[in-house]
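Participant:
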Amino acid sequence: MGCAPSGAVLQDPAPDIISTVEFNHTGELLATGDKGGRVVIFQREQESKQQPQRRGEYNVYSTFQSHEPEFDYLKSLEIEEKINKIRWLPQHNAAYFLLSTNDKTVKLWKVSERDKRPEGYNLKDEDGRLRDPSMITTLRVPVLRPMDLMVEATPRRVFANAHTYHINSISVNSDYETYMSADDLRINLWNFEITNQSFNIVDIKPANMEELTEVITAAEFHPHHCNAFVYSSSKGTIRLCDMRAAALCDRHAKFFEEPEDPSNRSFFSEIISSISDVKFSHSGRYIMTRDYLTVKVWDLNMENRPMETYQVHDYLRSKLCSLYENDCIFDKFECVWNGSDSVIMTGSYNNFFRMFDRNTKRDVTLEASRENSKPRAVLKPRKVCVGGKRRKDEISVDSLDFSKKILHTAWHPSENIIAVAATNNLYIFQDKVN
Amino acid sequence: MGEEEGLHQTPLLDTMFVRGLKRKCFDGEEDIEGTLAGIKAIPSYNLQRQSLLDMSLVKLQLCHMLVEPNLCRSVLIANTVRQIQEEMTQDGTWQMINTQSTGQTSLDRLVSTDILCRSSREQAEGKQVPGYSSFNKDFEDDQTQDSSETMSTSSSVQTPRNLQSNVWEMENPQESRGNFQKSLDQIFETLENKNPNSVEDLFSEVDNSYYDLDTMLTGMMSNTKMGHCDGLETFSSPTTATSNSNCKSDLNELDHIVEILVES
């Protein structure tokens with residue numbers, strides 16, 4: 172697949188570090204959340220016959236402030252406004268709905284268009300000032316007149332005060348009536364209509380916090396079975412839970428863990444086994460997990476080891492001590508499936524991102540950078556050189572820029588369009604066709 | 020021996036395995052008496068492990084000073100610290116580290132930890148070295164100042180068991196190990212402590228020189244380029260500027276903090 176940048180780099184006047192990227196269910200909209208609590212939604216242009224070369228570029232559709240910084244007076248701690256995750260709801264009517272969350276509070280936003288406005292009120296004049304009723308001598312029916320398109324975002328629900336620890340995941344259930352929010356130690360189930368209570372469905376907090384050795388790192392509902400969900404842990408395990416079994420899903424229905432390779436054991440083994448992201452395939456038959464060095468695909472019917480393991484940047488294995496020192500070893504990379512579950516993608520350092528074709532077993536490393544991305548130009552595959560002799564186009568491990576990390580990526584639900592967040596820049600790439 | 024200075028400047032030698040390096044397992048040892056002198060300033064496994072331990076403890080404390088620590092990161096670091104501690108306890112080296120008072124700064128011990136990155140399989144491919152006799156040599160080589168009481172204790176030991184029993188006569192090992200475990204748990208406990216003032220209390224009696232370490236470490240962590248472990252050189256320069264008394268107190272800072280944590 173040839174990746175061509177589409178619409179070049181989308182940047183707004185006050186760029187902030189992008190913290191989440193998500194396409195909606197049709198791929199028409201792309202939402203990003205950033206460290207400053209803002210959500211920016213891009214909309215794909217309608218393809219027009221007049222300008223066939225502008226095949227569906229994404230332009231800014233709506234921008235709004237989702238979360239503000241808060242202060243927890245009880246703990247004397249600040250609550251960051253950074254948007255950790257955005258998840259779209261399926262569309263029922265003309266309006267769009269999405270969930271956005273920071274560390275503590277989930278919000279349901281309605282994004283709707285307004286392209287008409289009523290004119291000819293009886294009780295107020297065109298400026299909106301109230302008229303004196305005694306001065307009104309005639310009545311008229313207000314009419315709707317077209318206006319410039321306005322997109323407004325309104326918060327419809329605020330789901331607060333349910334999480335002691337930091338929310339890392341939200342996931343909309345396939346019943347579209349409930350969703351879950353997961354923090355380091357607990358997972359809560361919400362009904363969209365009810366904001367003042369939630370059900371706690373997973374709780375791994377030990378009675379004595381001194382015994383804490385494992386936290387929840389990510390969680391997701393099964394795409395089709397509304398009773399099933401998975402959550403991953405910092406010890407590299409995944410648990411599949413069935414909500415029909417018990418109200419509190421502390422006992423898993425399935426437990427996925429790969430046995431440790433004793434010959435590969437080091438002091439950093441546990442840290443690099445910590446799972447940073449877990450995603451169901453669109454089919455619902457597989458789950459994909461991302462740990463520090465690999466991406467793994469698991470068959471739901473096989474718990475004792477993954478079906479496939481892909482090395483993202485194994486050349487970092489010998490640098491773990493340095494990466495521990497500078498905290499990079501704690502970076503949480505996400506991973507995504509393409510629409511047909513045949514290709515998986517994840518990010519790396521130096522603004523590299525990797526794609527793995529599960530069928531052909533081929534993989535490619537690409538770079539999201541301005542210098543290398545002229546519009547319409549095909550991205551050139553990159554290669555990291557690990558040995559002594561470096562070829563002309565290769566980059567050596569020691570030259571990698573570890574401050575340029577691609578943690579968040581998204582794949583269009585049906586087409587080969589990907590969104591890649593590189594710090595505070597968003598790149599959108601399309602498959603080169605025709 | 021001037022090996023300490025060499026340790027700071029050690030480049031990251033990821034694939035090279037140095038002859039005669041101290042090993043995790045003590046079977047099949049051979050005498051390294053001659054080879055240590057020939058080692059080109061590669062820190063021993065013990066030293067690197069200690070360095071990793073120190074680094075981890077500093078990281079845990081740093082996250083106390085942040086607004087709200089990332090719980091996942093704290094848990095992973097704490098688990099790493101426990102792993103090291105368990106291994107050191109099994110080795111018997113834990114007591115040795117506690118009882119020495121050599122004046123060597125904990126900063127100096129933040130040396131290249133590259134050997135820790137290697138799997139045990141890679142380490143097994145190299146040569147074995149003797150157990151405690153070389154261990155004693157490591158200490159003799161690495162210390163800059165007198166530590167006569169500990170050295171005499173260790174050098175008189177011929178077998179691991181004797182070493183342990185001798186050291187344990189000096190102080191109660193269960194207590195100190197328990198103290199460390201307890202201090203680790205207390206550090207951990209404060210992560211969810213709703214009263215942040217206690218965190219400040221923990222550090223109220225700490226020597227300010229420890230905060231210098233934090234600033235340096237923070238500055239180092241913000242430099243996310245692959246700073247080999249040459250980056251650790253930055254530690255040595257500030258410490259040379261500080262007085263000897265600071266160096267001495269820095270070494271025992273960990274113990275000092277442990278005492279404070281236990282008593283608070």
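Protein chains in written order, with my numbering: chain A, 172 to 605; chain B, 20 to 283.
Just so you know, even glycine gets a beta-carbon here, dropped at the ideal spot from N, CA and C.
#1: Identify whether A:Glu586 lies in helix, strand or coil by the three-state DSSP scheme.
#2: Can you give the beta carbon distance from A:Ser519 to A:His484, rounded, assuming they're within the 8 Å contact cut?
#3: Note down the Cα distance separating A:Glu429 from A:Leu320, rounded to an integer number of angstroms.
#4: Between the Cα of A:Phe523 and the Cα atoms of A:Glu586, A:Arg410, A:Phe400 and A:Leu550, which residue gives the shortest distance?
#5: Quick check on DSSP: helix, strand or coil for A:Lys526?
#6: Using a Cβ-Cβ cut-off of 6 Å (strictly less than) and excluding sequence neighbours within five positions of A:Glu586, which residues of its own chain qualify?
#7: Using the rule of at least 16 other Cβ atoms within 10 Å of the residue's Cβ for burial, across every protein chain shown, is A:Tyr347 buried or exposed?
#8: Would you be able to state if there are at least three C-beta pairs under 8 Å between the segment 482-497 of chain A and the segment 420-427 of chain A?
#9: Assuming A:Ser452 contacts A:Trp508 under a Cβ cut-off of 8 Å, what Cβ separation, rounded to an integer in Å, is found between them?
#10: Please state the DSSP three-state secondary structure of A:Ala245.
#11: For the candidate residues A:Pro240, A:Gly407, A:Lys278 and A:Thr388, whose alpha-carbon lies nearest to that of A:Ile365?
#12: Just to make sure I have the definition right: I need the residues of chain A whose C-beta is within less than 7 Å of the C-beta of B:Glu87. Which are they?
#13: Identify whether B:Val77 lies in helix, strand or coil by the three-state DSSP scheme.
#14: Whole angstroms are fine: how far does the CA of A:Pro584 sit from the CA of A:Ser283?
#15: To which residues of the same chain is A:Asp413 closer than 8 Å at the C-beta, ignoring the five residues directly before and after it?
#16: Find the residues of chain A that neighbour B:Met74, judging by a C-beta separation of less than 7 Å, and give them in chain order.
#17: Applying a beta-carbon distance threshold of less than 9 Å, which residues of chain A neighbour B:Ile99?
#18: Since A:Phe242 meets chain B, which of its residues come closer than 8 Å, beta carbon to beta carbon?
#19: Mind checking whether A:Ser577 and A:Ala590 have CB atoms under 7 Å apart?
#20: List the residues of chain B whose Cβ lies closer than 9 Å to the Cβ of A:Thr384, in chain order.
#21: Express the C-alpha separation of A:Met306 and A:Asn339 in angstroms, rounding to a whole number.
#22: At least one CB of chain B closer than 7 Å to the CB of A:Asp462: is that the case?
#23: Decide if the segment 489-505 of chain A is in contact with the segment 431-446 of chain A; the criterion is three or more beta carbon pairs, one per stretch, under 8 Å apart.
#24: Could you have a look at A:Lys560 and say whether DSSP puts it in helix, strand or coil?
#25: Look up A:Tyr486 in the DSSP assignment and say whether it is helix, strand or coil.
#26: Classify B:Cys266 as helix, strand or coil using the three-state DSSP reduction.
#27: I'd like to check one pair, A:Asn344 with A:Phe392: are the Cβ atoms closer than 7 Å?
#28: Give the DSSP-derived three-state secondary structure of B:Thr108 in the structure shown.
#29: Would A:Ile358 and A:Ala390 be called neighbours here (beta carbons separated by less than 7 Å)?
#30: Straight-line CA distance for A:Ile341 to A:Lys560?
#31: What distance in whole Å lies between the Cβ atoms of A:Gly204 and A:Ser271, which are believed to be in contact at a cut-off of 8 Å?
#32: Once DSSP output is grouped into helix, strand and coil, what is the label at B:Thr99?
#33: Got a sec? Which residues, its chain only, sit under 7 Å from A:Thr388 by beta carbon, not counting five neighbours each side?
#34: Give the interface partners of A:Asp355 over in chain B, defined as CB-CB distance under 7 Å, in chain order.
#35: Have a look at A:Val557 and A:Thr234 and give me their C-alpha separation to the nearest angstrom.
#36: Just the C-alpha distance for A:His595 and A:Ile257, rounded to the nearest angstrom, thanks.
Facilitator: A quick look at the data gives this:
#1: For the purposes of this step, residue 586 of chain A is taken as residue 415 along the first sequence, with counting starting at 1. A:Glu586 falls in the coil class under three-state DSSP.
#2: The count along the first sequence starts at 1 and reaches residue 519 of chain A at position 348. The count along the first sequence starts at 1 and reaches residue 484 of chain A at position 313. So it is a contact: roughly 5 Å between Cβ atoms.
#3: Looking up residue 429 of chain A in the first sequence gives position 258. Looking up residue 320 of chain A in the first sequence gives position 149. The straight-line gap from Cα to Cα measures roughly 53 Å.
#4: Residue mapping note: residue 523 of chain A aligns to position 352 of the first sequence, counting from 1. A:Phe523 has its Cα closest to that of A:Leu550, out of A:Glu586, A:Arg410, A:Phe400 and A:Leu550.
#5: The residue given as residue 526 of chain A occupies position 355 in the first sequence. For the sequence presented, residue 526 of chain A should be read as Met rather than Lys. Note: A:Met526 maps to strand in three-state DSSP.
#6: As a first step, residue 586 of chain A must be located in the first sequence, where it is residue number 415. There are no such residues.
#7: Within the first sequence, the letter at position 176 stands for residue 347 of chain A. Classification for A:Tyr347: exposed.
#8: no
#9: By 1-based counting over the first sequence, the position of residue 452 of chain A is 281. By 1-based counting over the first sequence, the position of residue 508 of chain A is 337. That belief holds up - the Cβ atoms of A:Ser452 and A:Trp508 are roughly 5 Å apart, short of 8 Å.
#10: As a position in the first sequence, residue 245 of chain A is number 74, starting the count at 1. It is Leu, not Ala, that sits at residue 245 of chain A in the sequence shown. A:Leu245: coil per DSSP, three-state reduction.
#11: For the purposes of this step, residue 365 of chain A is taken as the residue at position 194 of the first sequence. Closest option to A:Ile365, Cα to Cα, is A:Lys278.
#12: In the second sequence, the residue the question calls residue 87 of chain B occupies position 68. Here the neighbours are Leu248.
#13: Translated into positions along the second sequence, residue 77 of chain B becomes position 58. Helix at B:Val77.
#14: Within the first sequence, numbered from 1, the residue matching residue 283 of chain A stands at position 112. Within the first sequence, numbered from 1, the residue matching residue 584 of chain A stands at position 413. Cα to Cα, the separation comes out at about 22 Å.
#15: Mapped onto the first sequence, residue 413 of chain A falls at position 242. Closer than 8 Å at Cβ, skipping near neighbours: Asn398, Ala399, Cys420 and Ala424.
#16: What you label residue 74 of chain B is simply residue 55 of the second sequence in a count that begins at 1. Within 7 Å Cβ-Cβ: Glu496.
#17: Working through the second sequence from its first residue, we reach residue 99 of chain B at position 80. According to the sequence as given, residue 99 of chain B is Thr; it is not Ile. Going along chain A in sequence order, the residues near B:Thr99 (Cβ under 9 Å) are Phe438, Phe439, Glu441, Ile442 and Tyr495.
#18: Counting from one through the first sequence, the residue named residue 242 of chain A turns up at place 71. Within chain B, no residue comes near A:Phe242; the closest Cβ sits about 10 Å away, beyond 8 Å.
#19: To locate residue 577 of chain A, count along the first sequence from 1; it is residue 406. To locate residue 590 of chain A, count along the first sequence from 1; it is residue 419. One detail in the question is off: residue 577 of chain A reads as Ile in this sequence, not Ser. No, Cβ-Cβ distance for A:Ile577 and A:Ala590 is not below 7 Å.
#20: Numbered from its first residue, the first sequence carries residue 384 of chain A at position 213. By Cβ distance, chain B contributes Val94, Ala97, Asn98 and Arg101.
#21: On the first sequence, position 168 is the one that residue 339 of chain A refers to. On the first sequence, position 135 is the one that residue 306 of chain A refers to. Rounded to the nearest angstrom, the two C-alpha atoms are 59 Å apart.
#22: Against the first sequence, residue 462 of chain A aligns to sequence position 291. So, not an interface residue.
#23: yes
#24: Translated into positions along the first sequence, residue 560 of chain A becomes position 389. It is coil, neither helix nor strand.
#25: For the purposes of this step, residue 486 of chain A is identified with residue 315 of the first sequence, where counting begins at 1. Helix at A:Tyr486.
#26: On the second sequence, position 247 is the one that residue 266 of chain B refers to. Unreliable placement is indicated for B:Cys266, whose pLDDT of 45 sits below 50; no coordinate value is reported for it.
#27: Locating residue 392 of chain A in the first sequence gives position 221, counting from the first residue. Locating residue 344 of chain A in the first sequence gives position 173, counting from the first residue. Yes; because the gap between Cβ atoms is below 7 Å, this pair is in contact.
#28: As a position in the second sequence, residue 108 of chain B is number 89, starting the count at 1. Helix at B:Thr108.
#29: Sequence index remark: in the first sequence, residue 358 of chain A carries index 187 (1-based). Sequence index remark: in the first sequence, residue 390 of chain A carries index 219 (1-based). Yes. Within cutoff.
#30: Along the first sequence, one-based indexing puts residue 341 of chain A at 170. Along the first sequence, one-based indexing puts residue 560 of chain A at 389. Whole-angstrom Cα-Cα distance: 46 Å.
#31: Reading the first sequence from its first residue, position 100 is the one you call residue 271 of chain A. Reading the first sequence from its first residue, position 33 is the one you call residue 204 of chain A. Yes, A:Ser271 and A:Gly204 are in contact; Cβ-Cβ is about 6 Å, under 8 Å.
#32: Reading the second sequence from its first residue, position 80 is the one you call residue 99 of chain B. B:Thr99: helix per DSSP, three-state reduction.
#33: In the first sequence, residue 388 of chain A corresponds to position 217, counting from 1. Here the set comprises Asn339, Ser403, Ser404, Ser405, Ser445, Ile446 and Ser447.
#34: In the first sequence, residue 355 of chain A corresponds to position 184, counting from 1. By Cβ distance, chain B contributes Leu90 and Cys91.
#35: Taking the first residue of the first sequence as 1, we reach residue 557 of chain A at position 386. Taking the first residue of the first sequence as 1, we reach residue 234 of chain A at position 63. Approximately 43 Å, taken between the alpha carbons.
#36: Here the question's residue 595 of chain A lines up with position 424 in the first sequence. Here the question's residue 257 of chain A lines up with position 86 in the first sequence. His is not the amino acid found at residue 595 of chain A; the sequence shown has Asn there. Cα to Cα, A:Asn595 sits roughly 17 Å from A:Ile257.
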